[in-house]
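Asks:
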Amino acid sequence: MQINHNIRAMVTQQSLFLNDNAMTKSLEKLSTGLRINRAQDDAAGLAMSEQMRTQIRGLAKAKRNALDGQAALQIAEGALAEITNMMQRQKELAIQSANDTLTSTERMYLNDEFQALTKEIDRIAKNTDYNGKNVLLFDVDPNKSFAATKLDPFNKNVSFLEGANVVFKAFGQSLNGAFASLTVSYEAGTPTSGGNKINEVIDNINKVVASLGGILTDSNIHDTLQAILDVAKGKGATINGVTIATTTPDLRLDGDLLHTNTVSYMDSPSLNLDIKEKTASNMKTLQNINQFLRDVNDALRTYEASEKGEFKVKEGAVHTVTYILANNIHGSDLSGVKNFYPTNIGSLDRIINQLQNADTYNTSGTPAVGTEAGNAALMAKLGSIFSTTASSQMQDDLRAVMGLDINKMPVNSTRDEVAAWQKIIGDLKDAYKIYSEADIATGSAASEILHIGPNYSTGLGGATSNQIKVNYVSVDIRGLGLQAQVIDTREGSQRAIDNIQENIKIMSSNRAAIGTYINRLDYTVNNIASMEYNIQDAESRIRDTDFAKETTDFTRNQIMVQASTSMLAQANSLPQQVLNLIG
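Each residue of the sequence shown is one higher than the one before, starting from 488 at the first, in our numbering.
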């Protein structure tokens, strides 16, 4: 017997240590509910479990993404349903207006409703959004648009129809109408009074249209619009072999920026109207001609942009800008509006300064406008007003000016100035937007991906199995040709019927596409939910505690600890038996 080393006690202590450690682990597993609490519990199992947890959490977010995508698409589909209903009504109106039992007055009433529906379609398209992103209109900024694809910004067919409608509206579908002359005193020979000079211009405008022989086509629309503006500026013109001379080279009726549709227009020194000529009927005639020439100017600019931009969109946008600068900014006396700032719209002065800088570059900048570098430099001048990086002050001024409701202003020259500036600034902004978006291909969307998988480039299938692309045609009333449609004549109604029918097909195709996306996402969500459940079940089998087994182990370990403790006490007392030998 030895007393220096109690081997029995050491053996018993080791057994107690092992049993106590096993019971501690059982207690930890039972208290946490996890079989694996640290890597040493099961290194391979922990790695598998963590990978599954990553997949499970990714699937949860993917399901959320799919549901968000469904919500956005349902909003778009609801708006498209109403737009389709309005188009159906527009087709009814067009069919009704195409019937020759109606008078021009009745067709005018039908056209009023038709145009109101077009405006409402445009309003709905511009205001249908999900989380601040428009779901019906394309925008180059992916933060502003979702799923809607870009349409051709320069459609020659649409541009032709817009220009033709301006002429048809003034002269009739058969082009046999004419502008009435002012009521003035007759002057033989070379006219000297303002009224007689204006009548010569009106007569020349009528001659331009009469020279067409009742036929207005894509081949002569440009020359017609240009000739109308030329004679309105007091220039001569030749069209269809007919030369139209003029004796009033200094008269301008072509809608200068500050020419208004109020009495102040009649007081313009360039018109030189006698007091007896300033009658209500003459005022109405001048208003009609002034608006007609403004519309011709816009139509010519748009058509020329479409000619240049049919294959080179940037050139078309630049043409719009240079045309506006040359015809509305360059050489115009802006002193009357440089300090025009009603307190509720902020200062217009900064915007005008930037436009004048752009005009200066357009006329004398280096590199010259017309080259790629020159065009980019010119558009950069406009970018100081319209880009998202423009100064906060400029953005505030722009919002204030464009947000002013002219319908709440008194009918006077100030109101007309505001309206003119809003139109010019709006046209320049649209051109800048087209230029900025030119590198994005027609038919593509800036934002169209729904990420509905837990991975991206890794895992089975790679990126294609983790995301879907969602897109459909933008509801742009100009790109769809809807903006150019009028039904105040039989011919216009017939064109509108075909256009509306095509647009209804596009809207139906959009809704069908959205419906398939929503159904696909339904299956996606169901599949993700199934994957979540099954992977979670698999992860649980690896990581969670099996309570039936663990309680059995705990009971055994608890008994073994108690037994080991008792045996250790016995082993510690055995060396005392040596005292019996000594005693």
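Think of the CB as a built atom: it goes at the ideal place given N, C-alpha and C, for glycine as much as any other residue.
Quantities reported herein were computed from a predicted structural model and do not represent experimental measurements.
1) Return the Cβ separation of MET881 and ILE872 in integer angstroms, given the expectation that the two are a contact with Cβ distance under 8 Å.
2) Within this structure, are the beta carbons of ASN1006 and MET510 separated by less than 8 Å?
3) Suppose you measure from the CA of GLN538 to the CA of ILE936; what does that come to, to the nearest Å?
4) Grouping DSSP H, G and I as helix and E and B as strand, with all else coil, what is ASN1082?
5) Using three-state DSSP, classify SER1060 as helix, strand or coil.
6) Say whether chain D places a C-beta atom closer than 8 Å to the C-beta of GLN527.
7) What does the Cβ neighbour count give for HIS492, buried or exposed, with the cut at 16 atoms within 10 Å?
8) Which full runs of the alpha helix (DSSP H) of 4+ residues lie inside the stretch 887-974, going along the chain?
9) Distance check for THR605 and ASN958, CA to CA, integer angstroms please.
10) Measuring only the C-alpha atoms, how far is LEU780 from LEU716?
11) CB LEU624 to CB SER961, shorter than 8 Å?
12) Whole angstroms is fine: what's the gap from ASN862's alpha carbon to LEU842's?
13) Decide if the stretch 725-735 is in contact with the stretch 758-774; the criterion is three or more beta carbon pairs, one per stretch, under 8 Å apart.
14) Can you name, in chain order, every residue of its own chain whose Cβ lies under 7 Å from the Cβ of SER952, other than the five neighbours on each side?
15) Could you give the DSSP three-state label for ILE726: helix, strand or coil?
16) By Cβ distance below 7 Å, which residues in the same chain neighbour PRO549 in space, the five residues on each side in sequence not counted?
17) In chain order, what residues of the same chain lie with their CB nearer than 7 Å to the CB of HIS845, ignoring the 5 residues before and after it?
18) Of the residues LEU760, ASN586 and GLU649, which one's Cα is nearest the Cα of SER672?
19) How would you write the range of the alpha helix (DSSP H) that GLY701 sits in, first residue to last?
20) According to DSSP, is VAL627 helix, strand or coil?
21) When you compare the stretch 994-1004 with the stretch 566-576, are there three or more beta-carbon pairs, one atom per stretch, that lie closer than 8 Å?
22) Sort out for me which residues DSSP pairs ASN663 with in a bridge.
23) Using C-beta distances below 7 Å, list every residue in its chain close to GLN561, excluding the 5 sequence neighbours before and after it, in chain order.
24) State the Cα-Cα distance for the pair ALA558 and SER1027, rounded to the nearest angstrom.
25) So what's VAL645 in DSSP terms, helix, strand or just coil?
26) If you drop the 5 nearest sequence neighbours on each side, which residues of the same chain put their C-beta closer than 7 Å to that of HIS806?
27) Leaving out five residues on either side along the sequence, give the residues of the same chain with a beta carbon under 6 Å from the beta carbon of LEU745.
28) Do you know how far the Cα of THR590 is from the Cα of GLN713?
29) According to DSSP, is VAL800 part of a helix, a strand, or is it coil?
30) Grab me the residues of GLN542's own chain with a C-beta within less than 7 Å of its C-beta, minus the 5 sequence neighbours each way, in chain order.
31) Out of curiosity, what's the CA-to-CA distance linking LYS910 and ASN683?
32) Output the boundary residues of the alpha helix (DSSP H) element that contains ALA719.
33) I need the DSSP call for LYS763, collapsed to helix, strand or coil.
34) Is it buried or exposed for LEU891, if we count other Cβ within 10 angstroms and need 16 for buried?
35) Per the DSSP calculation, THR858 is bridged to which residue(s)?
36) Short check: CB of ASN693 to CB of PHE666, under 8 Å?
Replies: Per the coordinate set shown:
1) MET881 to ILE872, Cβ: 6 Å. Contact.
2) ASN1006 places its beta carbon 8 Å or farther from that of MET510.
3) When rounded, the distance between both Cα atoms is 25 Å.
4) Outside the displayed span of the chain (488 to 1070) sits residue 1082, for which this structure offers no information.
5) If DSSP states are grouped into helix, strand and coil, SER1060 belongs with the helices.
6) In the structure shown, chain D does not exist; there is a single protein chain.
7) Exposed.
8) If we require 4 residues or more, the alpha helix (DSSP H) runs fully inside the stretch 887-974 come out as 900-923.
9) Taken atom to atom, the span from the alpha-carbon of ASN958 to that of THR605 is near 23 Å.
10) A straight line joining the alpha-carbon of LEU780 with that of LEU716 spans about 7 Å.
11) Yes, Cβ-Cβ distance for LEU624 and SER961 is below 8 Å.
12) Computed Cα separation, rounded: 15 Å.
13) Short answer: they don't touch.
14) Once the five neighbours on either side are set aside, the close Cβ partners of SER952 are GLY940.
15) Look at ILE726 here: in three-state DSSP terms it is strand.
16) First, the amino acid is wrong: residue 549 is Ala here, not Pro. Cβ neighbours of ALA549 within its own chain (closer than 7 Å, five residues either side excluded): HIS938, ILE939, GLY940, PRO941 and ILE1015.
17) At residue 845 the sequence reads Ala, which differs from the His that was named. The residues are LEU812, LEU865, LYS868 and LEU869.
18) Nearest C-alpha to SER672: LEU760.
19) GLY701 -> no alpha helix (DSSP H), and no H or E assigned at all.
20) Secondary structure at VAL627: coil, using DSSP grouped into helix, strand and coil.
21) Per the Cβ contact rule, the stretch 994-1004 is in contact with the stretch 566-576 (3 or more Cβ pairs under 8 Å).
22) As computed with DSSP, ASN663 is found in no beta bridge at all.
23) Taking C-beta separations shorter than 7 Å and ignoring five residues to either side along the sequence, the partners of GLN561 in its chain run ILE1005, following chain order.
24) Near 32 Å, if we compare the C-alpha coordinates of SER1027 and ALA558.
25) Helix, per DSSP.
26) When the five nearest sequence neighbours on each side are left out, the beta carbons in the same chain lying within less than 7 Å of the beta carbon of HIS806 are those of GLU791, ALA792 and LYS795, in order along the chain.
27) Summary for LEU745: the model assigns pLDDT 45, below 50, so the residue's position carries little reliability; its value from the coordinates is reported in the next sentence. Excluding residues within five positions, none has a Cβ falling inside 6 Å.
28) Here the C-alpha atom of GLN713 lies approximately 32 Å from the C-alpha atom of THR590.
29) In the three-state reduction of the DSSP assignment, VAL800 falls in the helix class.
30) Excluding positions up to five away in sequence, the list reads PRO941 and ILE1022.
31) Rounded to the nearest angstrom, the two C-alpha atoms are 32 Å apart.
32) Counting along the chain, the alpha helix (DSSP H) containing ALA719 begins and ends at 708-719.
33) Residue state for LYS763 is assigned as helix, using DSSP reduced to three classes.
34) Buried, since its Cβ has 16 or more Cβ neighbours within 10 Å.
35) Looking at the DSSP assignment, THR858 forms a beta bridge with VAL856.
36) The Cβ atoms of ASN693 and PHE666 sit closer than 8 Å to each other.
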